[in-house]
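Beneath this line is the structure, given in structure tokens, with notes to follow.
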Amino acid sequence: MKEKYAPLFEPIELKHGGRLENRFAMCPMVVFGADPATGRPTEEDVKYFERRSNFASLLVTGAITVQENIQGHPKQLSIFNDEAIDAYSKLAAAMKSNGSKAIGQIQHPGREGVYGCNVTGKAYAPSAIDFPFLKYKVTELTEDEVWQVVKDFGLATQRLLKAGFDGVEIHGANHYLIQQFFSCYSNQREDYWGGSFEKRMNFAIEVTKEVLKVARAENPEAIVGYRISPEEIHGEMVGYDLEDSLKLIDKLLEQDLDFLDLSSAAGGNFGKDAYKAMPQRGDFTDPVSLVIRKAVAGRVPVVISGTIRSADEALDALNYGDIASMGVGALADPDFKEKVLADREDTIHMNVKGHTEDLELPIGLIEVYTAGIGLPQVEGLIEK
Numbered sequence: 034m035k036e037k038y039a040p041l042f043e044p045i046e047l048k049h050g051g052r053l054e055n056r057f058a059m060c061p062m063v064v065f066g067a068d069p070a071t072g073r074p075t076e077e078d079v080k081y082f083e084r085r086s087n088f089a090s091l092l093v094t095g096a097i098t099v100q101e102n103i104q105g106h107p108k109q110l111s112i113f114n115d116e117a118i119d120a121y122s123k124l125a126a127a128m129k130s131n132g133s134k135a136i137g138q139i140q141h142p143g144r145e146g147v148y149g150c151n152v153t154g155k156a157y158a159p160s161a162i163d164f165p166f167l168k169y170k171v172t173e174l175t176e177d178e179v180w181q182v183v184k185d186f187g188l189a190t191q192r193l194l195k196a197g198f199d200g201v202e203i204h205g206a207n208h209y210l211i212q213q214f215f216s217c218y219s220n221q222r223e224d225y226w227g228g229s230f231e232k233r234m235n236f237a238i239e240v241t242k243e244v245l246k247v248a249r250a251e252n253p254e255a256i257v258g259y260r261i262s263p264e265e266i267h268g269e270m271v272g273y274d275l276e277d278s279l280k281l282i283d284k285l286l287e288q289d290l291d292f293l294d295l296s297s298a299a300g301g302n303f304g305k306d307a308y309k310a311m312p313q314r315g316d317f318t319d320p321v322s323l324v325i326r327k328a329v330a331g332r333v334p335v336v337i338s339g340t341i342r343s344a345d346e347a348l349d350a351l352n353y354g355d356i357a358s359m360g361v362g363a364l365a366d367p368d369f370k371e372k373v374l375a376d377r378e379d380t381i382h383m384n385v386k387g388h389t390e391d392l393e394l395p396i397g398l399i400e401v402y403t404a405g406i407g408l409p410q411v412e413g414l415i416e417k
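With the numbering used here, the residue at position 281 of the sequence shown is 314, and numbering never jumps.
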């Protein structure tokens, strides 16, 4: 290994769950391998994650829904009953087979539950707003239903820990339900869950409290992280900005979290250097990730992502966060970390053409990425 890459292999301690042996993480990505009938992981999922079990010290699954029939895609993972635990135990074992920490990302898609809407005729949201970008109307959650979702985040946590996962990541990013409650655009409620900035934080805080309560009861050393999109700004439509996120992060870190995971700071922009994108508004002079890292001030490690696709970019990312998280890198070259260690970083590739069998890519993943529906482009999977 070249000496300059040594910082990528410095260990980092978590509050719970021990030590991460390096600064690599596998970015949460839905891999479209789940059984559509049950939402449980299949052999395709197990093989995919086993192939990447040595990619990073922190491996995070794609979004696992906490309720039945709410998925965004028929092959998205879901865990809504105890019968799923056995299937998830195989996935956890595969992820941990090379000593990495296995983290299950728990999620409710809210209005983005396209597949769930096709099945049940309903997609749930904080408020019954007509969203111009949706082809269906959303159903507003009642207060009792909101509390049930909170409880179901806890139950999903318990099931994943029973299955052998080292911990969970609460998915509060990417326009899914937790973010929808925080957004003044999506949340127009006038109750405990909305009506003021402080109340719009309540759902994220209550979910975090419930997950932590259940996790610590099940396993005192369980790892619990939180993923956040730092901004929700689309032209004139502003759900919240970086200043708002900093206030939410402070509230979340009053809880006993182990890491903070920043979804691409470029708000869905998969362009170059998204991991160090500048804020879209405000008087900031640092990139989003660095602003947050400075505000966190060492309370927890900050995981950053966004088009980190080379050893040099991974190294550079440590100037802005504590852990470099890669999605396409993990998908296209599971041997990324080992190549850096072996002084073969020049052989790292982001093109899956000719490698699909070795990469253990689920058929559903190939189909979705080939269609290119709102996902980062992967060489060899995009039709020209």
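Built from N, CA and C at the ideal position, the CB exists for glycine as well.
Since the structure is predicted, the reported quantities are computational estimates derived from the model, not experimental observations.
With a cut-off of 8 Å on the beta carbons, I'd call residue i and residue j a contact; round off their distance for me.
i    : j    : result
K386 : Y353 : Contact doesn't hold; Cβ gap of about 31 Å is too wide.
G149 : Q104 : 5 Å
A39  : V79  : The Cβ separation is near 33 Å, so there is no contact.
F369 : G362 : 5 Å
Q213 : G143 : 5 Å
N207 : S296 : 6 Å
L293 : I256 : The pair is not a contact, with the Cβ atoms about 12 Å apart (cut-off 8 Å).
A58  : A307 : So it is not a contact: roughly 16 Å between Cβ atoms.
L275 : E287 : The Cβ separation is near 19 Å, so there is no contact.
L281 : M234 : 5 Å
S133 : A89  : 6 Å
Y259 : G205 : 6 Å
A347 : L41  : 6 Å
Quick check: what's the CA-CA separation for residue i versus residue j?
i    : j    : result
F186 : D379 : 42 Å
E412 : E400 : 14 Å
K37  : I381 : 17 Å
K155 : L392 : 36 Å
D349 : L374 : 17 Å
C60  : I396 : 20 Å
L351 : M383 : 21 Å
V152 : E54  : 43 Å
L124 : S130 : 10 Å
L110 : D119 : 14 Å
E403 : H388 : It should be noted that the sequence gives Thr, not Glu, for residue 403. Each residue's alpha carbon lies about 15 Å from the other.
T71  : K242 : 28 Å
P367 : R342 : 12 Å
I203 : V240 : 8 Å
E173 : A161 : 5 Å
R56  : G339 : 15 Å
G300 : I266 : For G300, the predicted model reports a pLDDT of 48, less than 50, meaning its position is unreliable and no value from the coordinates is stated.
V183 : F236 : 8 Å
E43  : R222 : 46 Å
R314 : T98  : 32 Å
Y218 : K35  : 48 Å
G200 : A248 : 8 Å
N252 : K246 : 10 Å
E429 : M270 : Residue 429 lies beyond the stretch modelled for the chain, which goes from 34 to 417, so this question has no answer here.
V335 : D163 : 35 Å
L364 : D224 : 43 Å
N114 : L414 : 34 Å
V312 : D283 : Val is not the amino acid found at residue 312; the sequence shown has Pro there. C-alpha separation (whole angstroms): 18 Å.
D319 : A117 : 44 Å
T190 : I112 : 9 Å
Q410 : E101 : 30 Å
S229 : I238 : 15 Å
Name the DSSP beta bridge partners of residue i, please?
i    : result
D224 : G227
A328 : The partner list for A328 (beta bridge, DSSP) is empty, contrary to what the question assumes.
F292 : G258
R52  : E46
M359 : M59
H204 : R260
A404 : Beta-bridge pairing links A404 to no other residue.
H267 : M270
Y157 : T172
G413 : Beta-bridge pairing links G413 to no other residue.
T98  : S111 and Q140
K134 : L91
For residue i, which option in the options has the closest C-alpha, if you only look at C-alpha atoms?
i    : options                   : result
P74  : A196, Y273 and R249       : A196
G431 : V247, T175, N252 and R326 : The structure shown does not extend to residue 431, since the chain spans only 34 to 417, so no value can be given for it.
V64  : F57, R56 and E77          : E77
L290 : D316, E254, G146 and P61  : E254
L285 : V244, R249 and L188       : V244
P159 : Y169, E231, V179 and P165 : V179
I45  : R332, L414 and L394       : R332
L188 : I238, F236, A250 and R314 : A250
F166 : K184, E145, P334 and Y157 : E145
K168 : V147, Y157, M62 and D177  : V147
L210 : Q191, L193 and V171       : V171
C355 : L323, A365 and E371       : The residue asked about is misnamed: residue 355 is Asp in this sequence, not Cys. Nearest option by C-alpha distance: L323.
F215 : Y121, S278, E101 and R326 : S278
R85  : L398, K108, E371 and P409 : E371
A67  : K108, Y81, Q100 and L398  : K108
I345 : A328, R326, D376 and Y157 : Here the sequence assigns Asp to residue 345, which means Ile is not the residue at that position. The residue with the shortest Cα to Cα distance from D345 is D376.
Is the stretch 78-95 in contact with the stretch 137-156, if contact means three or more CB pairs nearer than 8 Å?
-> yes
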